[in-house]
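Residue numbers (the working numbering), protein chains in the order written: chain A, 24 to 317; chain B, 24 to 317. Heads up, the beta-carbon is just placed ideally off N, CA and C, and yes, glycines get one too.
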């Protein structure tokens, strides 16, 4: 198999070719501009590369309801030109191959379930914490859509008692994303998170918010693995702080060794590292080809 | 088919006989006492009633992991005698029929998905709001277990600005259950909720907490239906207040008509009314028989 993969992010697009083992053989990346420009580059990349199928994990919100007339479109986004853009349809008109289509974060969760930290498990939740906060959900062996798809980055969390930052989500002000995504860290401290030292008080506050969100996720969905990726989670000192916050919030209520004594193996970085998104798109492409073959 | 059903609650047990159409033909109820006494009554009830299978929806937390040595047991509960009790094993030793086993709230969610408000849908989340708050999760056509099972009654919510009640959850103090279950209402106002008038300020505060929890559930899991049952939800004036709170919290972010314009049909009372739990146990029994027959 020769499978195309597109990790379509709000900042950059990564395209690649891989196989059914989750191995990426080549890749390319370019900035996300207006959809016509960006898709022209995507189509040019895949021309002549003979992909048997293509998987797309896209920033969103997107329409993933196969019965909807807007299936395959980006729905609401402040990014100029992208709201309502028929991403999947544009690709289908260019290439007559099976396509897989899901959110970028559901794709990452799926990639991790196939080949990464949640391999051989039936469920995981993937948080990507970067410019925004997104959640991907894989439950009982399936990527979850439901009414729309998971948007857990916008849940409300309690305010840290020493934090007076007002929050920067344009929809909700001080929701999780508004308090804990990269821009919130930068606005709260006047410096990018990547420039703050590992022992800066910023990280305890960051872990406070992420820990609450993860605790709520465990209580509501009981995933077998929680995976935390994205640029902010490159700050590895966050992991032990988040482990403690989750245990503090749950306070012994969920009686399972994964939480009580093995939390370091339960709430983890992506097993595929920064390849989780692209590998996930690859997994969507593999799936699409298998479905076509019946 | 002649299927036995047990809705095992912390306060009372309801046992019945029904069929594969979800029809309950007879039922009986008795208070929950020590497990030996209670199970004696259950076994006596089913003796001579010739059930082809029995479904059990149990209060918990319970062990639903079929690979666990404690599968079928109640795990941690303050109820005398019940912690560690092998509920399913006791029943299996008394009756040589297929058994279905899940939490009471997962059973209720499943009953609603089979024959109630979520009929023909692939997902729903069921909240029961009474003496405690429990959550049942049905996603992509399956009852969700994962690491343990859903315990969404214990998520943290933000405090209502005019509420100084300290909360009464023995694990978490002011988690959702500690602020919004029946005992919290009674302790906050000095009167049982059922005795407060429909225009009492208690209900706006109640809706504030439930609305937050439902909004977080929608953001994380995107269910196709949210069902609110249990004694507290007999206060029907809560529904429009909760609809408004959910819309206020989401603030237009989730662009779907179910939330934007048809929320009265999206967040609803159980279609099966107070039969949701028993019908759900019945559905577990029907499933168990079908699985045995292959």
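Can you find a C-beta in chain B that's less than 9 Å from the C-beta of residue i?
{"i": "residue 275 of chain A", "result": "yes"}
{"i": "residue 180 of chain A", "result": "yes"}
{"i": "residue 163 of chain A", "result": "yes"}
{"i": "residue 155 of chain A", "result": "no"}
{"i": "residue 294 of chain A", "result": "no"}
Please list, in chain order, the chain B residues whose beta carbon lies closer than 7 Å to that of residue i.
{"i": "residue 99 of chain A", "result": "278"}
In the DSSP assignment, what are the bridge partners of residue i?
{"i": "residue 109 of chain B", "result": "B/96"}
{"i": "residue 165 of chain A", "result": "A/162"}
{"i": "residue 38 of chain B", "result": "B/29 and B/51"}
{"i": "residue 85 of chain B", "result": "B/97"}
{"i": "residue 192 of chain A", "result": "A/196"}
Quick check: is the beta carbon of residue i nearer than 9 Å to any beta carbon in chain A?
{"i": "residue 115 of chain B", "result": "no"}
{"i": "residue 142 of chain B", "result": "no"}
{"i": "residue 190 of chain B", "result": "no"}
{"i": "residue 247 of chain B", "result": "yes"}
Against residue i, what residues of chain A qualify as contacts under a CB-to-CB distance less than 9 Å, listed in chain order?
{"i": "residue 194 of chain B", "result": "273, 274, 275 and 276"}
{"i": "residue 211 of chain B", "result": "The contacting residues do not exist; residue 211 of chain B stays about 19 Å from chain A at best."}
If the cut is a Cβ gap below 8 Å, which residues of chain B does residue i touch?
{"i": "residue 319 of chain A", "result": "Outside the shown range of chain A (24 to 317) lies residue 319 of chain A, about which nothing can therefore be said."}
{"i": "residue 126 of chain A", "result": "What residue 126 of chain A touches in chain B: nothing, since even the nearest Cβ is about 11 Å away."}
{"i": "residue 240 of chain A", "result": "243"}
{"i": "residue 81 of chain A", "result": "What residue 81 of chain A touches in chain B: nothing, since even the nearest Cβ is about 16 Å away."}
{"i": "residue 285 of chain A", "result": "Here the premise fails: no neighbours, minimum Cβ distance about 11 Å."}
{"i": "residue 235 of chain A", "result": "179"}
Taking the alpha helix (DSSP H) that residue i falls in, what are its first and last residues?
{"i": "residue 14 of chain A", "result": "There is simply no residue 14 of chain A to check, as chain A begins at 24 and stops at 317 in what is shown."}
{"i": "residue 59 of chain B", "result": "58 to 69"}
{"i": "residue 229 of chain B", "result": "225 to 244"}
Just the chain B side, please: which residues come within less than 9 Å of residue i by C-beta, in chain order?
{"i": "residue 84 of chain A", "result": "276, 277 and 278"}
{"i": "residue 146 of chain A", "result": "167, 168, 169 and 170"}
In chain A, which residues lie less than 8 Å from residue i when you measure between Cβ atoms?
{"i": "residue 281 of chain B", "result": "170"}
In terms of residues, what are the limits of the beta strand (DSSP E) holding residue i?
{"i": "residue 174 of chain B", "result": "Where residue 174 of chain B is concerned, there is no enclosing beta strand (DSSP E), given that its DSSP letter is neither H nor E."}
{"i": "residue 251 of chain B", "result": "249 to 252"}
{"i": "residue 5 of chain A", "result": "Absent from the model: residue 5 of chain A. The displayed extent of chain A is 24 to 317, so no value can be given."}
Counting only beta-carbon atoms, is residue i nearer than 9 Å to chain D?
{"i": "residue 176 of chain A", "result": "In the structure shown, chain D cannot be found, because the protein chains are A and B."}
Would you say residue i touches the ligand FMN, meaning its beta carbon is less than 8 Å from a heavy atom?
{"i": "residue 75 of chain B", "result": "Of the ligands one can find in the structure shown there are none, so the ligand FMN has no counterpart to examine."}
For this session: Output the residue ranges of the alpha helix (DSSP H) runs that lie fully inside the region 120 to 157 of chain B and measure 4 residues or longer, sorted by chain position.
Result: 127 to 138
For this session: Identify every run of the alpha helix (DSSP H) within the region 274 to 316 of chain A, keeping only runs that are complete inside it and at least 4 residues long; order them along the chain.
Result: 280 to 283, 286 to 289 and 299 to 316
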